[in-house]
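Written out below as structure tokens is the structure these notes cover.
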Amino acid sequence: MSVKTTVSDTGPWVGQPLPRREDARLTAGAGTFTDDIRMPGMLHAAFLRSPHAHARIVRINADKARALKGVHAVITGEDVERLTKPISTIIPFKMFLPNYCLAVDKARYVGEPVAAIAAVDRATAEDAAELIEVEYEPLPAVVDPWEAIEQPPSFVFDEIKSNVIWHDTFSYGEVDDAFSRAAHVVSDRFSVQRYISTALETMGVIGKWDSSGLTLWSADQRPGFATHALTTALQIPHSQIRLVSPYIGGGFGNKRKATYMVIVALLAREADRPVKYLEDRQENLLGLVHASNQVMDLEMALDADGKILGLKLRDVVDEGSNVINPTLHSMLKFTNMLNNYTIPAVRFEGYAVLTNKCHSGANRGIGKPFMCFVIERAVEMAAKKVGIDSLELRRRNFIPASAMPYESPMGNVYDSGDFLATLDTALKTANYDDLLKQQEEARRAGRYFGIGIATAVEPNSLNLSAYTLMTGRTDTSGVGEGALVRMEGDGSVRVSLGNTASGQGYETVVAQIVADELGIHPHRVTVAPGFDSAVNPWLHCSGSFANKFSGTDVGAIIEAARTIRAKILRIAAHLTGRKAEELTIREAAIWVHGANEPLLPLAKVAMTAYRDLLRLPEGEMPGLEARHFYVDPQSNLPAMSKDDKRLRFQLTFSNSAHIAVTEVNPDTGAVKIHRYIIAHDCGREINPMLVEGMVHGATTHGIGGALYEDLIYDENGQMLAGSFMDYLKPTALDVPEFEVVALETPSPFTPLGAKGVGEGGSIPSLAAITNSVEDALKPLGVTLTELPLTPNKIWDAIQKARAEGKDT
Amino acid sequence: MSELKQHDVSLTVNGKAETISVAPRASLADALRDTLGLTGTHIGCEHGVCGACTVLLDGKPVRSCLLFAVQAEGAVITTIEGIGDAQSPHPLQRAFNECHGLHCGFCTPGMIVTLSAFLKEHPQPTSDDVREAISGNLCMCTGYQNIVRSALRAAELIEGAKS
Chain A
1 MSVKTTVSDT GPWVGQPLPR REDARLTAGA GTFTDDIRMP GMLHAAFLRS PHAHARIVRI
61 NADKARALKG VHAVITGEDV ERLTKPISTI IPFKMFLPNY CLAVDKARYV GEPVAAIAAV
121 DRATAEDAAE LIEVEYEPLP AVVDPWEAIE QPPSFVFDEI KSNVIWHDTF SYGEVDDAFS
181 RAAHVVSDRF SVQRYISTAL ETMGVIGKWD SSGLTLWSAD QRPGFATHAL TTALQIPHSQ
241 IRLVSPYIGG GFGNKRKATY MVIVALLARE ADRPVKYLED RQENLLGLVH ASNQVMDLEM
301 ALDADGKILG LKLRDVVDEG SNVINPTLHS MLKFTNMLNN YTIPAVRFEG YAVLTNKCHS
361 GANRGIGKPF MCFVIERAVE MAAKKVGIDS LELRRRNFIP ASAMPYESPM GNVYDSGDFL
421 ATLDTALKTA NYDDLLKQQE EARRAGRYFG IGIATAVEPN SLNLSAYTLM TGRTDTSGVG
481 EGALVRMEGD GSVRVSLGNT ASGQGYETVV AQIVADELGI HPHRVTVAPG FDSAVNPWLH
541 CSGSFANKFS GTDVGAIIEA ARTIRAKILR IAAHLTGRKA EELTIREAAI WVHGANEPLL
601 PLAKVAMTAY RDLLRLPEGE MPGLEARHFY VDPQSNLPAM SKDDKRLRFQ LTFSNSAHIA
661 VTEVNPDTGA VKIHRYIIAH DCGREINPML VEGMVHGATT HGIGGALYED LIYDENGQML
721 AGSFMDYLKP TALDVPEFEV VALETPSPFT PLGAKGVGEG GSIPSLAAIT NSVEDALKPL
781 GVTLTELPLT PNKIWDAIQK ARAEGKDT
Chain L
1 MSELKQHDVS LTVNGKAETI SVAPRASLAD ALRDTLGLTG THIGCEHGVC GACTVLLDGK
61 PVRSCLLFAV QAEGAVITTI EGIGDAQSPH PLQRAFNECH GLHCGFCTPG MIVTLSAFLK
121 EHPQPTSDDV REAISGNLCM CTGYQNIVRS ALRAAELIEG AKS
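Those sequence lines, one after another, are chains A and L.
First residue of the first sequence: 1, per the working numbering; consecutive thereafter.
First residue of the second sequence: 1, per the working numbering; consecutive thereafter.
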């Protein structure tokens, strides 16, 4: 396809499909994941988890567990209440919330840790867990989010005296006026299930105490965030907590779990030995984190020509037992509700609701897959109502390329993109006219053949000032990242980041970026595979989230590299009697601009910086090391006025158009994806091979969400999808060969013109597949508003339509 | 449990004869990782669905999480460490790098071990054959497409090395 496949031997390196540096060890099974770390005397932990969705803990007797040979430590809620403070929350609650690392007094979801054991091996720890006697008094479980609001059978947190943890209305533009002028109004209720990325490496933590404090090795992808939670919970200074993320086997937002870290820290302290905990897959599905199930009521006002005038939205997010960071889904959804359309007026009423389910949290795209699902389904419905083709309706409403940068009513500034070109590229790649003919033939043959289109923005980075507008919290703002670049005495370079690596290929792409800045080959740049808070530069917002690498992190890397570059040139100028402005660096040497021969080797300058200290320019500090903390310049503070709720919530915007070609088997309700076409634009591509890989992976995540994956609870709050036999992931047989074409509209707001790409595919895929399946079932007049599209759901819809005599 | 009697198991791992002492309930995966220190065999689900722990037992791919170590008495086991390394990579390891067949790399050892046996029996596979062959190995990162490409490329490399 359009991806560049050849690598040249010289720079510039940014833009080249360089094969990855990290692969040699990973393909040889020599990657160091958390579970691969072994320490002398290390114990293994097991957790006893609640079998009840909601139950008071009357009594726990752990005597037998403590007496078991090989057991070194057992902790229960009582210990935790005595030894720790609750995990801190993003919403500044006024009341005390007993949100501890283990259930204290009551369990709030099936799978909540109730007790923890450290023993000589995992099997012994699990034996001990079985010996713990817990007397539960079951309480009515809060399962349905609407019921949780309107007729709560009980409260998840009695202290709040409501299950509504957040409720607010945000209104932008003249919404009532828009609806009074409307020629057409589309309204419907849409819903999405709980699903999750299930990184193949489950979450793990190793804890060890020594005279310098606590060290934790874990797969945590937001170490900045975790350190803050740990210091609050354990009441030890930040400076005594060292957090190491060796290398993460997939994150997708899911791998942030302060509760596990606190439990392991307590066990390790009690046992006075290093302790390792690793989730098994059932624990991972029950208790790591879930993307929320969400329900949205939409009303869309359109004029007679199909121009969208406004939206009224009422949304409920089922946060489960999440009091740590609720409102994430609400915020990231509603602030992007325009998708890629000019919609001048939007009112969003949001509820974040507590239920007796696993806590919600970050997962690839947070809220935006559902945003896109709702809008792109509504666009299809609107087109029918207006009586025009849905492609035409999209074209009439796209934010035009000429309007960039475009400020949305919510205050987001769309930096770049040509949405029309993206859509047209997808249609052309798909041979859309031929597809329509194929569909006609298939329908004549009685087959249910569908073509579904969805277009989407993929927002990048996250301005944490957003929490001020959402929750009233005023101690956090902006977004940034840290990078450290150090050129050694031989001219080779090492780099470390505040971000954590979980498969993005940072060891390769960061080397490409730094190689260009410092005029060396990327093979001379070694990027630390992991994070170590005692070594790497980091901020509290450090880590892997919100697609922030391509803009925010790159800013930190480039600034640090440029500081080194300027210093190299100053030292070289001093050594050669030239002016720094006359000089440049390339091919690992210092050159006078335009000269045919290099002036001196880069290594000579580097060595001078480290050992020939008296021959450095006067006042120049030795060494070639720069640590840069970058604040993304697009992030801003909310307006001082209470009425102005505009903010640059997210900072740059990639975009894509997906076309899914599907066929429904009417006898089984199963959906087969025949073709899947993707046109996407993430600005300048740092490494096109890795970009395309991200597109495949993210889209596959959406296919799972659309068709297979469902973290389903029964009416008693029992979780029914506790294994990969029940929680179905897409396999190689379910996923089509993606046809991907890239457009490159550079962002004017990021240092390299690059934009995020990791989340993109997961955003329009739910809508593209659903639009396609509904189109396949067009002869039956079926309307699809609820995900996932499992065979039984589709089959039921077919039977219902046939019973109503709709089959044509 | 610590009181349970340990069993001696003699087996060949990556060409080397080993006798290991394991608990009767220890899985082969745990024995390889913990007793022999071969941590390239990854554990992703422990119920035989994800395929990350795949090793070759007498040349056939098996899920080492579903076997007890004691069942491997007398067996010839090949783990990812026995397939190749950075110095002398197997064509699959080269191809996975060339074709970007991995992101986080957690599923990769299982994928490569599975495919190493598959390519022996199917030296000229189609992409559908490859998809079928890896349908019991889950990858959460790549969407499989580049794994399929990697397998096809490895088949080419193996064929090229023969001629």
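Cβ coordinates follow ideal geometry from the N, Cα and C atoms, glycine included.
Note that the coordinates shown come from a computational prediction; the quantities given were computed from them, not determined experimentally.
Practice item. With a floor of 3 residues, list each beta strand (DSSP E) that falls wholly inside the region 504 to 572 of chain A, ordered by position along the chain. Key: 525 to 527
**Study point:** Buried or exposed by the 16-neighbour rule on C-beta atoms within 10 Å, applied to residue 804 of chain A
**Key:** exposed
Check your understanding: Interface residues of chain B around residue 131 of chain L at Cβ under 7 Å?
Key -> Looking at the structure shown, chain B is missing, and the protein chains on hand are A and L.
Check your understanding: Whose C-beta lies closer than 8 Å to the C-beta of residue 578 of chain A among residues of the same chain, with five residues either side of it excluded?
Key -> 572, 592 and 599
Exercise for review: Classify residue 217 of chain A as buried or exposed, calling it buried when 16 or more other Cβ atoms lie within 10 Å of its own Cβ.
Suggested key: buried
Review point. Would the beta-carbon of residue 471 of chain A fall within 7 Å of that of residue 410 of chain A?
Key: no
Exercise for review: Taking only the alpha-carbon atoms, compute the straight-line gap between residue 282 of chain A and residue 65 of chain L and give it to the nearest angstrom.
Suggested key: 15 Å
Check your understanding: Is the shortest distance between the beta-carbon of residue 2 of chain A and the beta-carbons of chain L less than 7 Å?
Key -> Per-residue confidence for residue 2 of chain A stands at a pLDDT of 44, beneath the threshold of 50, marking its modelled position as unreliable; the derived number appears in the next sentence. False, the Cβ-Cβ gap to chain L never drops below 7 Å.
Check your understanding: Quick one: Cα of residue 66 of chain A to Cα of residue 136 of chain A, how far?
Key -> 20 Å
Review point. With distances taken between CB atoms, is the gap from residue 48 of chain A to residue 148 of chain A smaller than 7 Å?
Key: no
Practice item. Kindly indicate if chain A contains any beta-carbon less than 7 Å away from that of residue 111 of chain L. Key: no
Exercise for review: Report yes or no: is there a C-beta of chain L within less than 7 Å of the C-beta of residue 396 of chain A?
Suggested key: no
Review point. Is residue 496 of chain A helix, strand or coil by DSSP?
Key: strand
Review point. Since residue 376 of chain A is in the alpha helix (DSSP H), which residue starts that stretch and which ends it?
Key: 368 to 386
Practice item. Starting from residue 151 of chain L, find everything on chain A with Cβ-Cβ shorter than 7 Å and list it in chain order. Key: Ordered by position in chain A, no residue passes the 7 Å Cβ test against residue 151 of chain L, which lies about 10 Å from the chain.
Check your understanding: So, helix, strand or coil for residue 696 of chain A, using DSSP?
Key -> helix
Exercise for review: Run down chain A in chain order and give the residues with a C-beta less than 7 Å from the C-beta of residue 93 of chain L.
Suggested key: 27 and 28
Review point. Would the beta-carbon of residue 468 of chain A fall within 7 Å of that of residue 423 of chain A?
Key: no
Check your understanding: Anyone know if the C-beta pair for residue 565 of chain A and residue 526 of chain A falls short of 7 Å?
Key -> no
Exercise for review: Could you tell me how far apart the beta carbons of residue 74 of chain A and residue 115 of chain A are, in whole angstroms, since I believe they sit closer than 8 Å?
Suggested key: 7 Å
Review point. If you count every other CB in all the chains shown that lies within 10 Å of the CB of residue 534 of chain A, and 16 or more means buried, which is it?
Key: exposed
Exercise for review: For residue 110 of chain L, collect the residues of the same chain with a Cβ closer than 7 Å to its Cβ; drop the 5 residues on either side in sequence, then sort them by chain order.
Suggested key: 42, 51, 52, 53, 54 and 137
Review point. Does any C-beta atom of chain A lie closer than 7 Å to the C-beta of residue 141 of chain L?
Key: yes
Exercise for review: Find the residues of chain L that neighbour residue 725 of chain A, judging by a C-beta separation of less than 8 Å, and give them in chain order.
Suggested key: 47 and 49
Exercise for review: Ignoring anything shorter than 3 residues or poking outside the region 32 to 56 of chain A, list the beta strand (DSSP E) runs there in chain order.
Suggested key: 43 to 49
Review point. Could you give the residue range of the alpha helix (DSSP H) that holds residue 110 of chain L?
Key: 108 to 121
Check your understanding: Excluding five sequence neighbours on each side, which residues of the same chain lie with their C-beta closer than 6 Å to the C-beta of residue 1 of chain L?
Key -> Because residue 1 of chain L carries a pLDDT of 45, less than 50, the predicted location of this residue cannot be relied on, and the following value inherits that uncertainty. None.
Check your understanding: Quick one: does residue 281 of chain A have its CB under 7 Å from some CB of chain L?
Key -> yes
**Study point:** Proximity of residue 496 of chain A and residue 652 of chain A at Cβ, strictly below 7 Å
**Key:** no
Point to revise | Proximal residues of chain L, C-beta to C-beta of residue 315 of chain A below 8 Å | key: Neighbours of residue 315 of chain A on chain L: none; closest Cβ ~28 Å, over 8 Å.
**Study point:** Partners in chain L for residue 197 of chain A, counting only beta-carbon separations shorter than 7 Å
**Key:** 140
**Study point:** Closer than 7 Å to chain A by CB, residue 154 of chain L
**Key:** no
Practice item. Output, in chain order, the set of chain A residues within a Cβ distance shorter than 9 Å of residue 148 of chain L. Key: 732 and 737
Review point. In terms of residue numbering, what span does the beta strand (DSSP E) encompassing residue 480 of chain A cover?
Key: 480 to 487
Exercise for review: Over the uninterrupted beta strand (DSSP E) stretch that includes residue 310 of chain A, give me the two end residues.
Suggested key: 308 to 320
Check your understanding: Does any residue of chain L bring its CB to less than 7 Å from the CB of residue 729 of chain A?
Key -> yes
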